[in-house]
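One structure is given here, and the rest of the page talks about it.
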Amino acid sequence: NLVDLAGSERVSKTHSTGAILREAMYINKSLSFLEQCVNALADRGRDHVPFRQSKLTHCLKDSLGGNCKTTMIANIWGEAAQLDETISTLSFATRMMRVRNEVVVNVRMDPALLVKKYENEIKELKQELAMHDALAGRNRVAYDPYSEEQRFTLSQKIRTFISGELEDLDVLNVRNVKETYSQFKIICQNAIEDAAANPRAGGDGAAAAGATVGFDPEGEGGEGVGALED
Numbered sequence: 605n606l607v608d609l610a611g612s613e614r615v616s617k618t619h620s621t622g623a624i625l626r627e628a629m630y631i632n633k634s635l636s637f638l639e640q641c642v643n644a645l646a647d648r649g650r651d652h653v654p655f656r657q658s659k660l661t662h663c664l665k666d667s668l669g670g671n672c673k674t675t676m677i678a679n680i681w682g683e684a685a686q687l688d689e690t691i692s693t694l695s696f697a698t699r700m701m702r703v704r705n706e707v708v709v710n711v712r713m714d715p716a717l718l719v720k721k722y723e724n725e726i727k728e729l730k731q732e733l734a735m736h737d738a739l740a741g742r743n744r745v746a747y748d749p750y751s752e753e754q755r756f757t758l759s760q761k762i763r764t765f766i767s768g769e770l771e772d773l774d775v776l777n778v779r780n781v782k783e784t785y786s787q788f789k790i791i792c793q794n795a796i797e798d799a800a801a802n803p804r805a806g807g808d809g810a811a812a813a814g815a816t817v818g819f820d821p822e823g824e825g826g827e828g829v830g831a832l833e834d
């Protein structure tokens with residue numbers, strides 16, 4: 605991109621009035637903000653650069669402090685009458701030379717190529733895991749998602765573990781642990797739903813248990829004890 609910056613104007617020399625004067629004021633104000641940004645970029649000790657002070661500095665943000673290779677061309681007039689403007693322009697160019705941009709190559713990847721690349725990486729990682737498991741004697745370990753049949757088998761094994769018929773559950777890998785927690789959650793949710801659907805059955809069971817040990821669930825302890833004595 606080529607950006608043509610308007611030169612600063614000294615109103616005392618141009619004697620501008622009206623719309624031209626307002627335009628000159630806007631130009632000088634924008635160039636002043638630009639100089640502030642250049643000074644901030646040249647000072648390595650400053651963290652904040654005021655790019656948002658004007659539209660000019662905001663548009664030149666990437667060119668000044670971003671990933672761009674920037675070249676500044678300073679135009680000067682060698683006549684003695686323009687000596688002040690010449691010195692000012694050369695001073696600004698000197699400060700601009702102190703700005704250092706860190707330029708890197710912009711790489712744009714096709715999404716389809718990225719997906720293919722990630723699929724190949726996942727495939728290679730699975731092969732490395734399978735080789736590691738084979739060397740460690742863990743041939744039963746799998747890393748693919750559980751099928752419905754595998755979920756049913758795992759659920760039955762968990763129910764057997766809960767009933768006490770099975771002492772331990774095998775822990776093969778993270779995939780197995782996550783699926784085990786998932787099946788535990790499903791079993792608990794089903795138990796809660798069954799209890800909510802049959803509240804009288806749960807209450808009768810609690811009352812029967814209370815009568816067996818001599819405790820009345822409704823708080824009338826004497827009647828409960830009397831029933832046991834009869």
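In the working numbering, the protein residues as written are 605 to 834.
Cβ coordinates follow ideal geometry from the N, Cα and C atoms, glycine included.
Treat the numbers as computed from the prediction; the structure is a model and nothing was measured.
Specify, as a first and last residue, the run of the alpha helix (DSSP H) that residue i falls within.
i: Asp-837; result: It is not possible to answer for residue 837, since the shown part of the chain is limited to 605 through 834.
i: Ala-801; result: 778-801
i: Tyr-750; result: Where Tyr-750 is concerned, there is no enclosing alpha helix (DSSP H), given that its DSSP letter is neither H nor E.
i: Thr-618; result: 615-618
i: Phe-637; result: 622-646
Are the beta-carbon atoms belonging to residue i and residue j less than 8 Å from one another?
i: Asn-705; j: Cys-672; result: yes
i: Phe-696; j: Leu-660; result: no
i: Leu-645; j: Val-708; result: no
i: Glu-783; j: Arg-755; result: yes
i: Val-699; j: Asn-632; result: According to the sequence displayed, residue 699 carries Arg and not Val. Result no, Cβ atoms of Arg-699 and Asn-632 do not sit closer than 8 Å.
i: Leu-664; j: Val-607; result: yes
Can you tell me whether DSSP reads residue i as helix, strand or coil?
i: Leu-832; result: Reliability of the predicted coordinates at Leu-832 is poor, the pLDDT of 35 falling under 50, and the value obtained from them is presented with this limitation in mind. Helix, per DSSP.
i: Lys-720; result: helix
i: Asn-710; result: coil
i: Arg-702; result: coil
i: Ile-762; result: helix
i: Glu-871; result: As shown, the chain starts at 605 and ends at 834. That puts residue 871 outside it, with no answer to give.
i: Asp-737; result: helix
i: Lys-659; result: helix
i: Gly-715; result: Reading off the sequence, residue 715 comes out as Pro, not Gly. Reduced to three states, the DSSP call for Pro-715 is helix.
Leaving out the 5 sequence neighbours to the left and right, which residues in its chain are closer than 7 Å to residue i when beta-carbon positions are compared?
i: Val-775; result: Val-781
i: Cys-641; result: Val-653, Pro-654, Phe-655, Thr-661, Leu-668
i: Thr-693; result: Ala-678, Ile-680
i: Asn-802; result: none
i: Glu-683; result: none
i: Arg-650; result: Ala-644
i: Leu-625; result: Val-615
Here's a check: name, in chain order, each residue in its chain whose Cβ is nearer than 8 Å to the Cβ of residue i, leaving out the five neighbours to either side.
i: Ser-759; result: Gln-787, Ile-790, Ile-791
i: Gln-657; result: Phe-637, Gln-640, Cys-641
i: Gly-670; result: Asn-705
i: Thr-690; result: Ile-680, Trp-681, Gly-682
Apart from the five residues just before and just after residue i, which ones in its own chain have a Cβ nearer than 6 Å to its Cβ?
i: Leu-770; result: Thr-764
i: Leu-773; result: Phe-765
i: Gly-768; result: none
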